[in-house]
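Residue numbers (this note's numbering): 473 to 771.
Just below is one structure, and these are the notes that go with it.
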């Protein structure tokens, strides 16, 4: 059932992204998910951390903020385009999300773009994050002010020319495990990909003494490939006794570009299965060795 719910949420997010400029209601999104509105609302809130209505509003406001900065269109026109009944309603919602009214936001961030000569991407490692991996010098990382899921900015990893096949780079953090020991922790984020040739994915690792990995998942068994619009992905691990640190991030292997945004952590119960690669690997093993004489042939 968990996998069915994840697939349902994935399809509903794609539907929302494809119809942001149209009339969108919880009923309509639930209808395309083939479940009741009540059931859909409950599952969406559980997996995304907000209601369908809030998600749609925040995505529309994020798009509106980008239009404000990149064009000179009237605020009322932008408000109508993104489904607000009036400029006043749009201004109230915009200010709640960005702490500035639309006109002041436009003035501030347009000057910001001019100072950077209109470039939407800013190279460099975001504060609090670390660049790592097998070949970090072969990848560019930084902030993007145009390709954003929610808010003002996202982070990205982009392969340079002639990257080493099989190598990878990651944008990561590590924090203390103390407050999560004995709990099941879910790391969720939205990722957008473009021309990913090998693979990309979220990852999380639980470290013990001498950085011994106690649990690990890097989505290698469900990789992000090719070009995809913003989508929610998650990694779930048990924080076992002896855990000292929790590392997490997004990785890119090979050509392409990935963006990371809307990160959150939440404690979940046993109804949400762990994605620990080691646990899942051993669950798939046979109970005993087979075909020891090599006489059985695959049909």
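Virtual Cβ for every residue (Gly too), placed ideally from N, Cα, C.
Helix, strand or coil at residue i [DSSP, three-state]
i, result
"residue 716", "coil"
"residue 681", "helix"
"residue 489", "helix"
"residue 476", "helix"
"residue 482", "helix"
"residue 501", "helix"
Beta-bridge pairing of residue i - partner residues as DSSP gives them
i, result
"residue 605", "641"
"residue 470", "The structure shown has nothing for residue 470, since the chain only spans 473 to 771."
"residue 674", "722"
"residue 648", "717"
"residue 663", "703, 732"
"residue 668", "698"
"residue 827", "The first residue shown for the chain is 473 and the last is 771, placing residue 827 beyond what the model contains."
Nonlocal neighbours in the same chain, by C-beta distance under 7 Å from residue i, ignoring five residues either side
i, result
"residue 456", "Since the first and last residues shown for the chain are 473 and 771, residue 456 lies out of range."
"residue 666", "699, 728, 729"
"residue 612", "595, 630, 632"
"residue 680", "686, 714, 715, 716"
"residue 540", "550, 574, 577, 578"
6 Å CB neighbourhood of residue i in its chain, flanking five on each side removed
i, result
"residue 646", "717, 719"
"residue 712", "686"
"residue 677", "685, 688, 719"
"residue 670", "725, 726"
"residue 480", "505"
"residue 690", "673, 675"
Residues near residue i in its chain [Cβ-Cβ closer than 8 Å; skip 5 each side]
i, result
"residue 495", "555"
"residue 738", "521, 657, 658, 660"
"residue 531", "488, 489, 492, 621, 622"
"residue 535", "492, 554"
Closer than 7 Å to chain D by CB, residue i
i, result
"residue 725", "In the structure shown, chain D cannot be found, because there is only a single protein chain."
Between the stretch 651-662 and the stretch 699-708, can you find at least three pairs of beta-carbon atoms closer than 8 Å?
yes
State whether the stretch 551-562 contacts the stretch 507-520, with contact taken as three or more CB pairs (one from each stretch) at a distance under 8 Å.
no
When the Cβ atoms of the stretch 729-744 are set against those of the stretch 616-623, are three or more pairs found closer than 8 Å?
yes
Where are the alpha helix (DSSP H) runs, 4 residues long or more, that stay fully inside the stretch 685-766, in chain order?
749-755
Ordered list of beta strand (DSSP E) runs contained in the stretch 506-578, each at least 3 residues:
none
Closer than 8 Å is the cut-off here; do at least three beta carbon pairs connect the stretch 533-553 with the stretch 561-570?
yes
Examine the Cβ distances between the stretch 741-752 and the stretch 631-646 and report whether three or more of them are shorter than 8 Å.
no
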